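Below is one structure, written out as structure tokens, with a few remarks after it.
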Amino acid sequence: MPMSTRLETLHGRLSYRLSSRRRLRASRQGQAPAFRRGVYDRRTGMPTIPCTATVRDIANATTINVRSGPGTHTAILTTLPTGASGLIVLDVQPDELLANAGGKVYQWFQLRLPDGATGWVRDDLLDIHGECASFGYKALPSPTPAFSLTRVPRPPTPEQERVRKAAFNITASFEGGSYDSYQNHDTGIISYGRFQFTLQSGSLFSVVDKFVEAAPDHPLAEKLRDHYLERLQKRDWSLRDDDTLRELLVKAAAEEAMQRAQDQVAHDVYWRRIYDLSIAPRGIVTPLGQAFLFDTGLHHGIFHNLLSLAETAFNVPPRSRLGHNGVSERDFIRQVALLRRDRLALLAQYRGLNGLKRRGDFWVDLVETGDWALRGDARGEVETYPGRRVAVRTP
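Residue numbers for the sequence shown, in the working numbering: 84 to 478.
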């Protein structure tokens, strides 16, 4: 006995009949179903509900803005009335400027609009329901406020992990180089570890806090917690010349828990934020491009202006998607690398630090050789400084 079901479409209702052989047939032509083609439960043959959004009822408002990108700094494309439903979710991205409420970064939903166009709407304006796992949410059988949900990041693929580790190796070579690196003679007050986490920025506290949390009974962790953790959190300048702190940090660097803490903070504070702010919005996919922008963001600060200078040079909108804006990723990365090289050359001359010039030259050379897959030489390595080589093919 065949069963039938009725699903909402964007422009009305569409009946489907499920035969005993579990094949779906449309009973009316000319309208696409509101679920993605071929997405159905393999056990029952019943169609699954796609991840769908509804515009929430908002006090003192009858419409909301739909924007061209994931942020209020992007252009308004159109509006949607409150209560609009059946909006298929195509993508979800964090706010490009990391705008947040109560420390929680807004997520922006790219939606298929009723007229077939697409646009972005912020999560606090939407309820979502359906099969949303591909966007980092659990299955939602009923409409749920999107802002109340927390996305679960999809685990990185082996290739994504390789690129991240290769990027870490390169940048660490230019920064501290090793987990036990320590210096106290610049504006960071204290700089520690393979990425030179500083007291001034607060990242040194984050590293030590993670180490103490991961190894609470370790004698080094106990001393750091009891005598220094609070002072690190307060960014106490007097710690600059504290030899005991230096000794504890250098010794702790030999511990696996400290090494994991350093890499985790580098991932959370730098890699993830640089990826969300600079890499993902522009659609940068090459391993070389991603590693270069990580190194640039960590070195010059996450909100550096080199990317915007390149976009101005190409006369394209800020944070516009490469390829779609008429500029290829390779041309764009090359332009940023040249701008950075020139800036570092001037700084090297002014400060008498030739290592800065080498860092800029390294990335331009890598771009010019065309190693966009970041596979390195015959040994799978790249040479950051004369005689200093790091693994990138199998980091």
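Ideal Cβ positions, reconstructed from N, Cα and C, are used throughout, including at glycine.
Remember, it's a predicted structure, so these values are computed and weren't measured experimentally.
Residue i - partner residues in DSSP beta bridges
i	result
K187	A184
W203	R150 and Q193
Y353	For Y353, which the question treats as bridged, DSSP gives no partner whatsoever.
I171	T135 and R195
V473	V465
Y262	For Y262, which the question treats as bridged, DSSP gives no partner whatsoever.
L163	I147
P228	D210
For residue i, three-class secondary structure by DSSP
i	result
M84	The predicted position of M84 is uncertain, since its pLDDT is 37 and thus under 50; no value can be drawn from it.
Y220	coil
Q279	coil
P370	helix
P177	strand
D210	strand
I272	coil
I540	A question about residue 540 goes unanswered here, because the residues of the chain that appear run from 84 up to 478.
P241	helix
D326	helix
T452	helix
T157	coil
Y311	coil
F386	coil
R318	coil
Alpha-carbon to alpha-carbon, residue j and residue i
i	j	result
M341	R150	43 Å
G259	R277	4 Å
V368	L405	10 Å
T157	R365	13 Å
I211	I272	47 Å
L329	V291	Sequence inspection shows Arg at residue 329; the Leu mentioned does not correspond to that position. Cα-Cα distance, rounded: 12 Å.
V295	T281	17 Å
E451	L332	40 Å
L422	K221	43 Å
V465	R434	26 Å
A184	D207	10 Å
D263	L390	32 Å
Q283	Q266	13 Å
S199	N408	Note that residue 199 corresponds to Gly in the displayed sequence, not to Ser. Each residue's Cα considered, the two are about 21 Å apart.
F257	R442	7 Å
V235	F218	8 Å
L322	A336	18 Å
A461	T233	43 Å
Close-in-space but distant-in-sequence residues of the same chain around residue i (CB under 6 Å, 5 per side omitted)
i	result
R476	R458, G459 and G463
A298	A304 and A340
G154	D178, E179 and L180
V188	P177, D178 and L181
I362	Q373 and L376
Cβ-based neighbour list, residue i, same chain, cut-off 7 Å, excluding 5 preceding and 5 following
i	result
L223	I211, H212, G213 and C215
A396	Q418
K334	L303
T162	T146, I147, N148 and V149
K306	L331
Q347	K293
Cβ-based neighbour list, residue i, same chain, cut-off 8 Å, excluding 5 preceding and 5 following
i	result
T165	V138, R139, D140, I141, A144, T145, T146 and I147
T227	D210, I211 and H212
H350	R247
T201	L173, Q193, L194 and R195
Original post:
Looking at C-beta atoms only, is the number of pairs between the region 310 to 327 and the region 240 to 247 that lie closer than 8 Å three or more?
Top reply: no
**OP:** Taking 8 Å as the threshold, find out whether the region 373 to 381 comes into contact with the region 341 to 361 through three or more Cβ pairs.
**Re:** yes
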